[in-house]
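**Q** When the letters of the sequence shown are read in order and numbered with this note's numbering, they come out as residues 84 to 307. Yeah, the Cβ is synthetic: ideal placement off N, Cα and C, and Gly gets one too. The structure presented is a predicted model; accordingly, all values stated were derived computationally and were not measured.
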Amino acid sequence: MKTTNQTINLVHKVFFMLLLVVLGLKSASAQNDWKLSTEKEGIKIYTSILPDSKVKAIKVEGNFDATPSQLVALVMDVNTAPDWVYHVKSAKLVKQVSPTELYYYSEVSLPWPVANRDFVAHLTVSQDPTTKTVTIDGPAVPGVVPVKKGIVRIDNSIGKWVITPLGQNQVHVEYSIHVDPGGALPAWLVNIFATDAPMKIFKSLKVQLTKSDYKNTVFAFVKN
Numbered sequence: 084m085k086t087t088n089q090t091i092n093l094v095h096k097v098f099f100m101l102l103l104v105v106l107g108l109k110s111a112s113a114q115n116d117w118k119l120s121t122e123k124e125g126i127k128i129y130t131s132i133l134p135d136s137k138v139k140a141i142k143v144e145g146n147f148d149a150t151p152s153q154l155v156a157l158v159m160d161v162n163t164a165p166d167w168v169y170h171v172k173s174a175k176l177v178k179q180v181s182p183t184e185l186y187y188y189s190e191v192s193l194p195w196p197v198a199n200r201d202f203v204a205h206l207t208v209s210q211d212p213t214t215k216t217v218t219i220d221g222p223a224v225p226g227v228v229p230v231k232k233g234i235v236r237i238d239n240s241i242g243k244w245v246i247t248p249l250g251q252n253q254v255h256v257e258y259s260i261h262v263d264p265g266g267a268l269p270a271w272l273v274n275i276f277a278t279d280a281p282m283k284i285f286k287s288l289k290v291q292l293t294k295s296d297y298k299n300t301v302f303a304f305v306k307n
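1. Between T207 and I246, is the Cβ-Cβ spacing less than 8 Å?
2. Under 8 Å Cβ to Cβ from Q89, same chain only, skipping five residues before and after it: list those, please.
3. Just to confirm the assignment, what range does the alpha helix (DSSP H) spanning P248 have?
4. Just list the residues that DSSP pairs Q179 with in beta bridges.
5. Using a Cβ-Cβ cutoff of less than 8 Å, which residues in the same chain neighbour M282 once the five nearest sequence positions on both sides are dropped?
6. Pull up the CB-CB distance for G145 and F304, whole angstroms please, since I reckon it's below 8 Å.
7. Using the rule of at least 16 other Cβ atoms within 10 Å of the residue's Cβ for burial, across every protein chain shown, is G221 buried or exposed?
8. Decide yes or no for the touch test of the region 287-305 against the region 155-165: beta carbon pairs closer than 8 Å, at least 3 of them.
9. I'd like to check one pair, P165 with P248: are the Cβ atoms closer than 8 Å?
10. Find out if the Cβ-Cβ distance for the pair A223, I237 is shorter than 8 Å.
11. Among N307, G226 and I241, which residue has its Cα nearest to the Cα of T214?
12. Suppose contacts are defined by Cβ-Cβ distances below 8 Å. Is L185 in contact with N162 by that definition?
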């Protein structure tokens, strides 16, 4: 009887390990299945269809004349998001946990009669000590700010900035995002909106980086 139980347990363990491998392969293939949608003025936009989602994931990338610290300073300066992030109506810092971590609230304006969306994002900055690549994770988090009447709350959103140094004062920037916009919003409308917004965001990003507020920024936690 003991031998039988050991055999069953072994089978369960093997099955579990195989399941993890299969899930890992599916996850990796989903992350890498990007198709080029638009390329203009040095900016590339990719889309990816994810399992169990009608809304496409978006990735946009391009090169900038800037340092990693400048990009971090701009992205973490959340109160200025309406100046350069497409269709952002308002943005406000909710909590500054540390120089590398914060929470902020933002409202996104959408064309009438579609209701505006809002969300709270949790930004965290990290840097690979070897490659010097900086990553800013920004998932949406629920429960931080009360839901507002007439605005649809986005609770499911995954966004990430990857900033890779190319040389002196030049970086490669990659931004990827997948959003469940919530409410009765057609997926085709979201997908059209999503491919237009990244191009405008990256163009505005280049303009913002020329401002004196970010020109000579240096962070102790970012090695340029």
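**A** From the atom records:
1. If you number the sequence shown from 1, residue 207 lands on position 124. If you number the sequence shown from 1, residue 246 lands on position 163. For T207 and I246, no; Cβs fall outside 8 Å.
2. On the sequence shown, position 6 is the one that residue 89 refers to. Bear in mind that the predicted position of Q89 carries a pLDDT of just 44, short of 50, making it unreliable; the figure below should be weighed with that in mind. There are no such residues.
3. Counted from its first residue, the sequence shown places residue 248 at position 165. First-last for P248: N239 to G250, but that is the beta strand (DSSP E), not the alpha helix (DSSP H).
4. Residue numbering aside, residue 179 sits at position 96 when the sequence shown is read from its first letter. According to DSSP, which records beta bridges pairwise, Q179 is partnered with L185.
5. Working through the sequence shown from its first residue, we reach residue 282 at position 199. Answer for M282: T121, K123, I126, I128 and V143, listed in chain order.
6. Translated into positions along the sequence shown, residue 145 becomes position 62. Translated into positions along the sequence shown, residue 304 becomes position 221. So it is not a contact: roughly 24 Å between Cβ atoms.
7. Here residue 221 refers to the residue found at position 138 of the sequence shown. So G221 ends up on the buried side.
8. yes
9. Locating residue 248 in the sequence shown gives position 165, counting from the first residue. Locating residue 165 in the sequence shown gives position 82, counting from the first residue. Going by C-beta atoms, P248 is not nearer than 8 Å to P165.
10. For the purposes of this step, residue 223 is taken as the residue at position 140 of the sequence shown. For the purposes of this step, residue 237 is taken as the residue at position 154 of the sequence shown. Result yes, Cβ atoms of A223 and I237 sit closer than 8 Å.
11. Within the sequence shown, residue 214 is the residue found at index 131, counting from 1. Among N307, G226 and I241, the Cα nearest to that of T214 is on N307.
12. On the sequence shown, position 102 is the one that residue 185 refers to. On the sequence shown, position 79 is the one that residue 162 refers to. No, Cβ-Cβ distance for L185 and N162 is not below 8 Å.
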